[in-house]
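Trainee: Have a look at this one.
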Amino acid sequence: DAGVIQSPRHEVTEMGQEVTLRCKPISGHDYLFWYRQTMMRGLELLIYFNNNVPIDDSGMPEDRFSAKMPNASFSTLKIQPSEPRDSAVYFCASTRAGGEYEQYFGPGTRLTVT
Amino acid sequence: AQSVTQLGSHVSVSEGALVLLRCNYSSSVPPYLFWYVQYPNQGLQLLLKYTSAATLVKGINGFEAEFKKSETSFHLTKPSAHMSDAAEYFCAVSEQLYGDDKIIFGKGTRLHILP
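Chains S and B are the protein sequences, given in the same order. Read left to right, the first sequence gives residues 137 to 250 (the numbering used here). Read left to right, the second sequence gives residues 124 to 238 (the numbering used here).
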């Protein structure tokens, strides 16, 4: 398996622009997680899905952030409008229900908002 | 609710010396425990996991961890550090509540290897 795939790997955008991050989980995995990592706050869980349904979005910072999972093989995290404080590395991870809960992480998207 | 505390945000050891990274957890039910490693500019990679079988767990790259219920600890060790071990290490805990497969990560410990 190719593992969790994220795109783009790097994104540089100007404040106010819309940013869309993409994730393809491992085939057969039922859960998908979006995390944000910064030096100041460490690794934060933003939202996670089970069978394409959002289960917990309490970690989403504010209404500027939204996430969707239209099917089992694709998810997006959108920031509109983006702000410099959104600069971070965003990770997607997936896991299989009924397994031993270990999550498999993608390589991340490094977002820089100027 | 479960939580994880990693003692020391930075740890430095000499090449060839013992590596010890500390992790304490809080959980209301028997937990599943994990150590992940993150190399620069990469995602997190599973090192090892405890899932209520043997209390001494062996992982990749010569690392191991011991689950001690009485101490609520899951410290990570490696007998002899190598330069390639320089990375950030995350301890994590999971307890399946209501069928949710969420895990909680500690804040991470950056391991520096001194030549």
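C-beta: ideal position from N, C-alpha, C; glycine also.
Unbroken alpha helix (DSSP H) runs of length 4 or more, entirely within the stretch 167-220 of chain S: which are they?
Mentor: Those alpha helix (DSSP H) runs which fall completely within the stretch 167-220 of chain S and span 4+ residues do not exist here.
Trainee: Consider the Cβ of Pro-243 of chain S: report whether some Cβ of chain B lies at a distance smaller than 8 angstroms.
Mentor: Chain B contact via Cβ: present.
Trainee: For chain S, check one thing: does any of its Cβ atoms lie closer than 8 angstroms to the Cβ of Gly-166 of chain B?
Mentor: Yes, its Cβ sits closer than 8 angstroms to a Cβ of chain S.
Trainee: Hey, does Gly-231 of chain B have any beta-carbon neighbour from chain S nearer than 8 angstroms?
Mentor: Yes, because at least one Cβ of chain S sits closer than 8 angstroms to the Cβ of Gly-231 of chain B.
Trainee: How long is the line joining the alpha carbons of Gln-153 of chain S and Ser-218 of chain S, rounded to whole angstroms?
Mentor: Rounded to whole angstroms, Gln-153 of chain S to Ser-218 of chain S spans 6 angstroms at the Cα level.
Trainee: What does Ser-217 of chain B touch in chain S if you count any residue whose Cβ is under 7 angstroms from its own?
Mentor: Simply Tyr-237.
Trainee: Report buried or exposed for Val-152 of chain B, applying the criterion of at least 16 other Cβ atoms within 10 angstroms of its Cβ.
Mentor: Classification for Val-152 of chain B: exposed.
Trainee: In angstroms, rounded to a whole number, what distance separates the CA positions of Arg-232 of chain S and Ala-177 of chain B?
Mentor: Straight-line Cα distance between these residues: approximately 23 angstroms.
Trainee: Is it right to say Ile-183 of chain B is buried, meaning 16 or more other beta carbons lie within 10 angstroms of its own, or is it exposed?
Mentor: Looking at its Cβ environment, which holds fewer than 16 other Cβ atoms inside 10 Å, Ile-183 of chain B is exposed.
Trainee: For His-205 of chain B, tell me which candidate among B:Gly-185, B:Ser-132, B:Gln-129 has the shortest Cα-Cα distance.
Mentor: Considering only alpha carbons, the answer is B:Gly-185.
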